[in-house]
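Trainee: Just so you know, the protein sequences line up as chains W and X, in that order. Under the numbering used here, the first residue of the first sequence is numbered 244, with each subsequent residue one higher. Under the numbering used here, the first residue of the second sequence is numbered 245, with each subsequent residue one higher. A virtual CB, placed ideally from N, CA and C, is assigned to each residue, including glycine. All of these numbers come straight from a predicted model, not from anything done at the bench.
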Amino acid sequence: MAPARTIPSPLVSVENEAFWNAAKQGRFTVPTCAACGKAHWYPRAICPFCSSDKIEWRAASGKGTIYTYSVMRRAKEPYAIAYVTLAEGPTMMTNIVDCDFDALRVGQPVAVVFKDTENGPPVPMFKPA
Amino acid sequence: MTIKGKAYIAGAYEHPTRHAPDKTVAQLHAEVALGALKDAGLSRDEVDGYFCAGDAPGPGPATMAEYMNLKLRHVDSTELGGTSYVALAAHAAEAIALGKCDVALVTLAGRPRSEGQATGTTPRLRDPNQPEAPWEVPYGMTTANGYAMCAMRHMHQYGTTSEQLAWIKVAASHHAQHNPNAMLPEVITVEDVVNSPVIADPLHRLDCCVISDGGGALVIVKPEIAKKLKRPLVKIIGAGETVKHLAGGTFDLTTSGAARTGPIAFAEAGIAPADIKYVSIYDSFTITVLMQIEDLGFCAKGDGGKFVSDGNLISGVGKLPFNTDGGGLCNNHPANRGGMTKVIEAVRQLRGEAHPKVQVKNCDLALAQGTGMQLGTRHCSATLIMERE
Numbered sequence: 244m245a246p247a248r249t250i251p252s253p254l255v256s257v258e259n260e261a262f263w264n265a266a267k268q269g270r271f272t273v274p275t276c277a278a279c280g281k282a283h284w285y286p287r288a289i290c291p292f293c294s295s296d297k298i299e300w301r302a303a304s305g306k307g308t309i310y311t312y313s314v315m316r317r318a319k320e321p322y323a324i325a326y327v328t329l330a331e332g333p334t335m336m337t338n339i340v341d342c343d344f345d346a347l348r349v350g351q352p353v354a355v356v357f358k359d360t361e362n363g364p365p366v367p368m369f370k371p372a
Numbered sequence: 245m246t247i248k249g250k251a252y253i254a255g256a257y258e259h260p261t262r263h264a265p266d267k268t269v270a271q272l273h274a275e276v277a278l279g280a281l282k283d284a285g286l287s288r289d290e291v292d293g294y295f296c297a298g299d300a301p302g303p304g305p306a307t308m309a310e311y312m313n314l315k316l317r318h319v320d321s322t323e324l325g326g327t328s329y330v331a332l333a334a335h336a337a338e339a340i341a342l343g344k345c346d347v348a349l350v351t352l353a354g355r356p357r358s359e360g361q362a363t364g365t366t367p368r369l370r371d372p373n374q375p376e377a378p379w380e381v382p383y384g385m386t387t388a389n390g391y392a393m394c395a396m397r398h399m400h401q402y403g404t405t406s407e408q409l410a411w412i413k414v415a416a417s418h419h420a421q422h423n424p425n426a427m428l429p430e431v432i433t434v435e436d437v438v439n440s441p442v443i444a445d446p447l448h449r450l451d452c453c454v455i456s457d458g459g460g461a462l463v464i465v466k467p468e469i470a471k472k473l474k475r476p477l478v479k480i481i482g483a484g485e486t487v488k489h490l491a492g493g494t495f496d497l498t499t500s501g502a503a504r505t506g507p508i509a510f511a512e513a514g515i516a517p518a519d520i521k522y523v524s525i526y527d528s529f530t531i532t533v534l535m536q537i538e539d540l541g542f543c544a545k546g547d548g549g550k551f552v553s554d555g556n557l558i559s560g561v562g563k564l565p566f567n568t569d570g571g572g573l574c575n576n577h578p579a580n581r582g583g584m585t586k587v588i589e590a591v592r593q594l595r596g597e598a599h600p601k602v603q604v605k606n607c608d609l610a611l612a613q614g615t616g617m618q619l620g621t622r623h624c625s626a627t628l629i630m631e632r633e
């Protein structure tokens, strides 16, 4: 298992601060449109599907599967970047952590885990379920 | 309205440098501009339209227009990343068709090699106003990883292999051996590629393009002017452009924007993929080529791995000769933007001026295809179809 790298802090904005406030309490929320019912990613104030502004931060299961991944072998501390398809529908960019990079595969079930960043809120990452 | 037959590429010039610590970016832009004008047989003072993208120093077209002392009545600085110049050639044709300009100049230049950029393996800086930045920056997204994730998914979905991707680099190397300016002129094998170090799984070092300084330019003119010049007539007959993105988290990473721009361009040109004699395909990585070849309809979706194997992209050997200058994979990738050189090599092929060892016989129809920015997140695609008259 590779040593953990320093994770850059996410930029908190008025549009996404509710997500980060929940993250600080260990809660993983997914923006979901009250008008069309669809969850989306990355989070935004206007629904990308129906253009409604009735976006709610709904508690998510934190479960998903690896859609694709790639290990950055050239970094001082290699890391696995991935897209994970959430049980709630959308596919999100993330890192796969706490795992053997050589054992990763597309389709693998994973679960959310929050990881501390340099000096901002923790960010959602995933580990093998 | 169509651009079909409304404009001709009269001048094309590729800077011979691959390493230019002794020149500025502005100087390189001006040198390629003058090179393309000389190629066309036109003078700087005849330019009345200027087209550039994000590599031009300063915001928009103003800085370079001043440096070159151009007197313009039409400008366009649409930024589509590395494929900008494929789209700008079409924009020039649009402007000419509308009478907005008669002689359009398109330039590209940059020095990432001299400036020591680790182009593909370190995360790029973002504008803090980019709304996706918080959801990507913490994860260390690099250029190589983005394309690698497309490759990984393509392998999962269609059974594509590293050996099949390697054939794309091998074909490029067969062409590069005849290009005295190519950075990687040695002919290599599939084993060489798959045995090179892994950069970002599943892509190896030799799946990646080179990093080079340099540039290129095009001069595009109205038919009346083209017909008075002494150069072979290369007519623009079709084009398409789009943006493909992650669509709220509902995307298919195995498909590029070429799936949209290819059919648009073919419809405008009134031809089919089977009519094309030569293709320039943006080759930031081997997977970039494979996906665009499928999406343009040169083979069925998912069959790209089989299609590119066994030398099928090598001029004189296979069915679809591609990137006969060696492309970004072996020749050059000026300013980390491969769209310009894609159009230039297509023009050489249509004129019959490619290297004799790679010149496609009776090359009357050619296509230049590019994707700009990041295939693994948001990218722009542009397709340009040209005909030798």
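(1) Rank K601(X), C574(X) and L497(X) by C-alpha distance to the C-alpha of Y312(W) and give the top, closest one.
(2) For E208(X), go through chain W and note every residue whose CB falls closer than 7 Å to its CB, in chain order.
(3) Relative to the C-alpha of V314(W), which residue among A323(W), N264(W), F292(W) and V340(W) is closest?
(4) Hey, is W284(W)'s beta-carbon within less than 7 Å of any beta-carbon in chain X?
(5) Starting from the beta carbon of F495(X), find every residue of chain W whose beta carbon is closer than 7 Å, and list them in chain order.
(6) Kindly indicate which three-state DSSP category W284(W) falls into: helix, strand or coil?
(7) Going along chain X, which residues have a C-beta under 9 Å from P352(W)?
(8) Taking V257(W) as the query, report the chain X residues whose CB atoms sit under 7 Å from its CB, ordered along the chain.
(9) Taking 8 Å as the cut-off, does the region 558 to 578 of chain X touch the region 421 to 435 of chain X (at least 3 CB pairs, one atom from each stretch)?
(10) Ignore the nearest five residues each way along the sequence and tell me which others in E290(X)'s own chain have a CB closer than 6 Å to its CB.
(11) How do the region 500 to 520 of chain X and the region 296 to 310 of chain X stand: do at least 3 beta-carbon pairs fall below 8 Å, yes or no?
(12) Just to confirm before moving on: does the CB-CB distance between C607(X) and Q593(X) stay below 7 Å?
(13) Within 7 Å (strictly less), CB to CB, does R316(W) reach chain X?
(14) Which residue comes first and which comes last in the beta strand (DSSP E) that contains T322(X)?
(15) Is it buried or exposed for L447(X), if we count other Cβ within 10 angstroms and need 16 for buried?
(16) Compare the Cα-Cα distances from A392(X) to each of G548(X), T621(X), G255(X) and L628(X) and report the closest residue.
(17) Along the chain, where does the alpha helix (DSSP H) containing G506(X) start, and where does it finish?
(18) Would a check of beta-carbon distances place I443(X) closer than 7 Å to chain W?
(19) Use the C-beta contact count for H263(X): other C-beta atoms within 10 angstroms, 16 or more gives buried, fewer gives exposed.
(20) Run down chain X in chain order and give the residues with a C-beta less than 8 Å from the C-beta of T311(W).
(21) For a contact defined as C-beta to C-beta under 7 Å, what are the partners of M385(X) on chain W?
(22) With H, G and I counted as helix, E and B as strand and the rest as coil, what does DSSP make of R595(X)?
(23) Using a Cβ-Cβ cutoff of 7 Å, what residues of the region 352 to 381 of chain X are near chain W? List them in chain order.
(24) Could you tell me which residues DSSP pairs with N338(W) in its beta bridges?
(25) For a quick check, are the C-beta atoms of G546(X) and Y402(X) less than 7 Å apart?
(26) Examine the Cβ distances between the region 404 to 417 of chain X and the region 429 to 449 of chain X and report whether three or more of them are shorter than 8 Å.
(27) With distances taken from CA atoms, which of R248(W), A302(W), A261(W) and K267(W) is nearest G363(W)?
(28) Out of T627(X), N580(X) and V587(X), which has the shortest C-alpha to C-alpha gap to R638(X)?
(29) Could you tell me the boundaries of the alpha helix (DSSP H) in which R301(W) lies?
(30) Note the first and the last residue of the continuous beta strand (DSSP E) segment covering F369(W).
(31) Quick check on V353(W): buried or exposed, where buried means 16 or more other Cβ atoms within 10 Å of its Cβ?
(32) With 7 Å set as the bound, which would you pick, yes or no: does the beta-carbon of G501(X) sit closer than that to a beta-carbon of chain W?
(33) Helix or strand or just coil, what does DSSP make of H419(X)?
(34) Can you list, in chain order, the residues of its chain whose CB lies under 7 Å from that of A274(X), leaving out five sequence neighbours each side?
(35) Measuring only between beta-carbons, confirm whether G635(X) sits less than 7 Å from chain W.
(36) Does I250(W) have its Cβ less than 7 Å from a Cβ in chain X?
Mentor: By the coordinates alone:
(1) Counted from its first residue, the first sequence places residue 312(W) at position 69. Nearest neighbour of Y312(W) by Cα position, chosen from K601(X), C574(X) and L497(X), turns out to be L497(X).
(2) It is not possible to answer for residue 208(X), since the shown part of chain X is limited to 245 through 633.
(3) The residue labelled residue 314(W) in the question sits at position 71 within the first sequence. Of all alpha-carbon atoms in A323(W), N264(W), F292(W) and V340(W), the one lying nearest the alpha-carbon of V314(W) is that of A323(W).
(4) Position 41 of the first sequence, counting from 1, holds the residue named residue 284(W). Chain X, which has a Cβ nearer than 7 Å to the Cβ of W284(W), makes this yes.
(5) Within the second sequence, numbered from 1, the residue matching residue 495(X) stands at position 251. Within chain W, T334 have C-beta atoms less than 7 Å from the C-beta of F495(X), given in sequence order.
(6) On the first sequence, position 41 is the one that residue 284(W) refers to. In the three-state reduction of the DSSP assignment, W284(W) falls in the coil class.
(7) On the first sequence, position 109 is the one that residue 352(W) refers to. Correct list: empty, because the minimum Cβ distance to chain X is about 15 Å.
(8) Walking along the first sequence from the start, residue 257(W) turns up at place 14. Below the 7 Å Cβ cutoff, chain X contributes no neighbours of V257(W), its closest Cβ being approximately 11 Å away.
(9) For the pair of segments examined, the region 421 to 435 of chain X was found to touch the region 558 to 578 of chain X: the number of CB pairs separated by less than 8 Å reaches three.
(10) As a position in the second sequence, residue 290(X) is number 46, starting the count at 1. Once the five neighbours on either side are set aside, the close Cβ partners of E290(X) are V347.
(11) Taking a contact to require three or more Cβ pairs closer than 8 Å, the region 500 to 520 of chain X and the region 296 to 310 of chain X do not qualify as touching.
(12) Residue mapping note: residue 607(X) aligns to position 363 of the second sequence, counting from 1. Residue mapping note: residue 593(X) aligns to position 349 of the second sequence, counting from 1. Cβ distance < 7 Å, so C607(X) and Q593(X) count as in contact.
(13) By one-based count along the first sequence, residue 316(W) stands at place 73. Yes, because at least one Cβ of chain X sits closer than 7 Å to the Cβ of R316(W).
(14) Numbered from its first residue, the second sequence carries residue 322(X) at position 78. Where T322(X) is concerned, there is no enclosing beta strand (DSSP E), given that its DSSP letter is neither H nor E.
(15) As a working mapping, residue 447(X) is identified with position 203 in the second sequence. With 16 or more Cβ atoms within 10 Å of its Cβ, L447(X) is classed as buried.
(16) What you label residue 392(X) is simply residue 148 of the second sequence in a count that begins at 1. Of the listed residues, the one whose Cα sits closest to A392(X) is T621(X).
(17) By one-based count along the second sequence, residue 506(X) stands at place 262. Unbroken alpha helix (DSSP H) run through G506(X): A502 to A513.
(18) The residue you call residue 443(X) lines up with position 199 of the second sequence. At least one chain W Cβ lies under 7 Å of I443(X).
(19) To locate residue 263(X), count along the second sequence from 1; it is residue 19. Exposed.
(20) Locating residue 311(W) in the first sequence gives position 68, where the first residue counts as 1. Per Cβ cutoff of 8 Å: M393, C394, M396, R397, H400 and L497.
(21) Taking the second sequence and counting its residues from 1, one reaches residue 385(X) at position 141. For M385(X), the C-beta contacts it makes with chain W under 7 Å involve I324 and M336, in order along the chain.
(22) Stepping through the second sequence from its first residue, residue 595(X) is reached at position 351. In the displayed model, R595(X) falls within a helix according to three-state DSSP.
(23) From the region 352 to 381 of chain X, only T365, P372, P375, E376, A377, P378, W379, E380 and V381 have a Cβ closer than 7 Å to chain W.
(24) If you number the first sequence from 1, residue 338(W) lands on position 95. Listed as beta-bridge partners of N338(W) by DSSP are I324(W).
(25) Position 302 of the second sequence holds residue 546(X). Position 158 of the second sequence holds residue 402(X). A contact, by the Cβ cut-off of 7 Å.
(26) A contact between stretches requires three or more CB pairs, one per stretch, nearer than 8 Å, and the region 404 to 417 of chain X meets this requirement with the region 429 to 449 of chain X.
(27) Locating residue 363(W) in the first sequence gives position 120, counting from the first residue. Taking only the C-alpha atoms, the option nearest G363(W) is K267(W).
(28) Shown here, chain X extends from 245 to 633; a query on residue 638(X) therefore has no answer.
(29) In the first sequence, counting from the first residue as 1, residue 301(W) sits at position 58. No alpha helix (DSSP H) holds R301(W); the beta strand (DSSP E) holding it covers I298 to A302.
(30) As a working mapping, residue 369(W) is identified with position 126 in the first sequence. V366 to P371 is the span of the beta strand (DSSP E), which, as asked, contains F369(W).
(31) Your numbering for residue 353(W) matches position 110 in the first sequence. By the 10 Å Cβ count, V353(W) comes out buried.
(32) For the purposes of this step, residue 501(X) is taken as the residue at position 257 of the second sequence. Not an interface residue.
(33) Within the second sequence, numbered from 1, the residue matching residue 419(X) stands at position 175. DSSP places H419(X) within a helical segment (H, G or I) once states are collapsed to three.
(34) Position 30 of the second sequence holds residue 274(X). By the criterion of a C-beta distance shorter than 7 Å, A274(X) is surrounded in its chain by Y311 and M312, once the five residues flanking it on both sides are discounted.
(35) Since the first and last residues shown for chain X are 245 and 633, residue 635(X) lies out of range.
(36) As a first step, residue 250(W) is located in the first sequence; it is residue number 7 there, counting from the start. For I250(W), the nearest CB of chain X lies under 7 Å from its own CB, placing it at the interface with that chain.
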